[in-house]
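Start counting the sequence shown at 3; every next residue gets the next number (my numbering).
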Amino acid sequence: MTTDHPQDAPTARVLEPGMFTTVQDMGRPGHGSIGVPPSGACDTTSLRVANRLLHNDDGAGALECTLLGPVLRFTRDAVVCLTGAVCPKATVGEGERARPLAACVPHRVLAGERVAIGGLATGARAYLAIDAGFDLPPVLGSVATLASARLGGHRGRALRAGDDLPLAPPSPRPPREPSEPIAPWLTRSLARRTLRVTPALHADLFDNDAMRTLTSEALTVADQSDRVGVRLRGPSLRSTLPTGSLESEGAITGAIQVPHDAPPIILGVDRPTTGGYPVLACVIAADLPILAALRPRDTVRFALVTRRVARELHRAHERELDAHLPPAGTSQ
Numbered sequence: 003m004t005t006d007h008p009q010d011a012p013t014a015r016v017l018e019p020g021m022f023t024t025v026q027d028m029g030r031p032g033h034g035s036i037g038v039p040p041s042g043a044c045d046t047t048s049l050r051v052a053n054r055l056l057h058n059d060d061g062a063g064a065l066e067c068t069l070l071g072p073v074l075r076f077t078r079d080a081v082v083c084l085t086g087a088v089c090p091k092a093t094v095g096e097g098e099r100a101r102p103l104a105a106c107v108p109h110r111v112l113a114g115e116r117v118a119i120g121g122l123a124t125g126a127r128a129y130l131a132i133d134a135g136f137d138l139p140p141v142l143g144s145v146a147t148l149a150s151a152r153l154g155g156h157r158g159r160a161l162r163a164g165d166d167l168p169l170a171p172p173s174p175r176p177p178r179e180p181s182e183p184i185a186p187w188l189t190r191s192l193a194r195r196t197l198r199v200t201p202a203l204h205a206d207l208f209d210n211d212a213m214r215t216l217t218s219e220a221l222t223v224a225d226q227s228d229r230v231g232v233r234l235r236g237p238s239l240r241s242t243l244p245t246g247s248l249e250s251e252g253a254i255t256g257a258i259q260v261p262h263d264a265p266p267i268i269l270g271v272d273r274p275t276t277g278g279y280p281v282l283a284c285v286i287a288a289d290l291p292i293l294a295a296l297r298p299r300d301t302v303r304f305a306l307v308t309r310r311v312a313r314e315l316h317r318a319h320e321r322e323l324d325a326h327l328p329p330a331g332t333s334q
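And the structure:
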């Protein structure tokens, strides 16, 4: 899908696209019946922090940068905010006027200036939000990019050099200053490499050692991991079902699918809407940002919790986020 914009409309010109940079928001849930996954930011906590610091709505579109971020040049004054993975070489400006683009702090960018994200030192994904967001048409209520279907975002794909991302009119509201720095809390919350899980409906279809193996052995993130799913390398987890005997069922983000005699796959936000592999466990909602932060060859462990504890942890995570930085439009 292409969209024409006036030639004098403000844009962010893509000088270098990064490894895989897409426009993402909070996603488009509720369309699984027509085969459309939710998509959206893999780490919605980092996305919301960036948007809230700019007085954007939580669901404003931002750039999700994977492992290596883009270089952009803005044609209007803007305020940007970088969150998520640590980006030690991120800068605003060039040459002698280059200045560090610190995380979780709004930065003013003048028309004509360049923003360079660089490589991500820890974590797999960083988020760059712009005041008022991008001026892109929603598809099924969202500007999230689903590249496999060429849906949403900028022309339904990852950014390329030479792309011009249309910017919404600048916000009249000044950036926010949280009562205390939020970067340390966000960094701590993303640093853990233990994913808490609850048993899934198919847990009783596995032999007795499967859950014990999952929660006692370290697994390694495979190079083939992406927004569709995180593939793991490690011990195989055996189900008691004959291969192909399970009918396809609805799939959810965080589900740990186990192919026959193979290491598990954790489904991501661009996952298929149905799946035919048995599901041993599900990553809890509070830990999905950690799942998004996993890099190829990272080591990850799993810990079993009850569904009640999972709900409590999710509520606690949301309370902590709101305590540090309430949604735009609410008082601090």
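From the three backbone atoms N, C-alpha and C, an ideal C-beta is built for every residue, glycine too.
Considering just the uninterrupted stretch of the alpha helix (DSSP H) at residue i, what are its terminal residues?
{"i": "Asp324", "result": "309 to 326"}
{"i": "Thr147", "result": "It is not in any alpha helix (DSSP H) - Thr147 carries neither H nor E in the DSSP assignment."}
{"i": "Thr332", "result": "First-last for Thr332: undefined, no H or E at that position."}
{"i": "Leu293", "result": "290 to 295"}
What number of angstroms, rounded off, separates the C-alpha of residue i from the C-alpha of residue j?
{"i": "Ala62", "j": "Leu169", "result": "12 Å"}
{"i": "Pro174", "j": "Arg110", "result": "14 Å"}
{"i": "Ala288", "j": "Arg273", "result": "19 Å"}
{"i": "Pro102", "j": "Leu192", "result": "22 Å"}
{"i": "Gly65", "j": "Val285", "result": "Before going further, note that residue 65 is Leu rather than Gly in the sequence given. So the two alpha carbons sit approximately 25 Å from each other."}
{"i": "Ala105", "j": "Glu179", "result": "13 Å"}
{"i": "Ala160", "j": "Arg15", "result": "14 Å"}
{"i": "Thr13", "j": "Ala52", "result": "19 Å"}
{"i": "Val88", "j": "Ser250", "result": "39 Å"}
{"i": "Arg78", "j": "Gly95", "result": "14 Å"}
{"i": "Ala253", "j": "His319", "result": "24 Å"}
{"i": "Gln226", "j": "Pro298", "result": "8 Å"}
{"i": "Asp166", "j": "Arg75", "result": "9 Å"}
{"i": "Ile258", "j": "Asp133", "result": "36 Å"}
{"i": "Gly114", "j": "Ser41", "result": "32 Å"}
Residue i and residue j: beta carbons closer than 8 Å?
{"i": "Pro205", "j": "Leu282", "result": "The amino acid occupying residue 205 in the given sequence is Ala; Pro does not appear at that position. Yes. Within cutoff."}
{"i": "Leu122", "j": "Arg198", "result": "no"}
{"i": "Leu323", "j": "Thr47", "result": "yes"}
{"i": "Ala11", "j": "Gln26", "result": "no"}
{"i": "Arg235", "j": "Ala224", "result": "yes"}
{"i": "Gly20", "j": "Leu84", "result": "no"}
{"i": "Ala146", "j": "Gly135", "result": "no"}
{"i": "Gly278", "j": "Leu248", "result": "yes"}
{"i": "Leu112", "j": "Ile119", "result": "no"}
{"i": "Pro177", "j": "Val81", "result": "yes"}
{"i": "Arg317", "j": "Thr200", "result": "no"}
{"i": "Phe22", "j": "Thr93", "result": "no"}
Could you check whether the Cβ of residue i sits closer than 8 Å to any Cβ belonging to chain C?
{"i": "Arg178", "result": "Protein chain content of the structure displayed is limited to a single chain, and chain C is not contained in it."}
Tell me which residues share the same chain as residue i and place their Cβ nearer than 7 Å to its Cβ, disregarding the 5 neighbours each side in the sequence.
{"i": "Gly37", "result": "Thr275"}
{"i": "Leu216", "result": "Leu239, Leu282, Ala283, Phe304"}
{"i": "Thr4", "result": "Only weak support is given to the placement of Thr4: the predicted model assigns it a pLDDT of 44, under 50, and the value that follows is read from those uncertain coordinates. Excluding positions up to five away in sequence, the list reads Arg157."}
{"i": "Arg229", "result": "Cys44, Gly270, Val271, Asp272"}
{"i": "Val260", "result": "Leu239, Ser241, Pro266, Tyr279, Pro280, Leu282"}
{"i": "His57", "result": "Ser173, Arg175, Pro177, Arg178, Ala330"}
Whose C-alpha, out of the options, is nearest the C-alpha of residue i?
{"i": "Gly231", "options": "Leu296, Leu70, Arg309", "result": "Leu296"}
{"i": "Ala163", "options": "Pro40, Val73, Ala264, Leu130", "result": "Val73"}
{"i": "Leu327", "options": "Leu55, Val260, His319, Ala257", "result": "Leu55"}
{"i": "Ala128", "options": "Gly278, His57, Thr189, Asp137", "result": "Thr189"}
{"i": "Ala294", "options": "Pro140, Leu130, Pro186, Gly125", "result": "Gly125"}
{"i": "Asp209", "options": "Ala149, His262, Glu18, Pro90", "result": "His262"}
{"i": "Arg99", "options": "Val117, Glu18, Pro108", "result": "Val117"}
{"i": "Ala325", "options": "Pro171, Trp187, Ala202, Pro108", "result": "Trp187"}
So residue i is in the beta strand (DSSP E); what residue range does that whole segment cover?
{"i": "Ile268", "result": "267 to 269"}
{"i": "Pro168", "result": "166 to 168"}
{"i": "Arg303", "result": "301 to 306"}
{"i": "Ala62", "result": "From DSSP, Ala62 is part of no beta strand (DSSP E); its letter is neither H nor E."}
{"i": "Thr222", "result": "221 to 223"}
{"i": "Val232", "result": "231 to 235"}
{"i": "Thr77", "result": "From DSSP, Thr77 is part of no beta strand (DSSP E); its letter is neither H nor E."}
{"i": "Thr124", "result": "124 to 132"}
Excluding the five sequence neighbours on either side, which residues of its own chain have a C-beta within less than 8 Å of the C-beta of residue i, listed in chain order?
{"i": "Gly143", "result": "Arg30"}
{"i": "Val302", "result": "Arg195, Thr196, Leu197, Ala220, Leu221, Thr222, Val223, Leu234, Leu296"}
{"i": "Pro140", "result": "Gly154"}
{"i": "Leu290", "result": "Cys44, Asp45, Thr46, Thr255, Gly256"}
With respect to 7 Å, is the separation between the Cβ of residue i and the closest non-hydrogen atom of the ligand NAD below this value?
{"i": "Val25", "result": "No copy of the ligand NAD occurs in the structure displayed, which carries no ligand at all."}
Please work out which residues of its chain come closer than 6 Å, Cβ to Cβ, to residue i, disregarding the five sequence neighbours upstream and downstream, and give them in chain order.
{"i": "Arg50", "result": "Asp60"}
{"i": "Thr24", "result": "Glu66, Thr147, Gly155, Ala160"}
{"i": "Pro39", "result": "Asp272, Arg273, Thr275"}
{"i": "Lys91", "result": "Gly120"}
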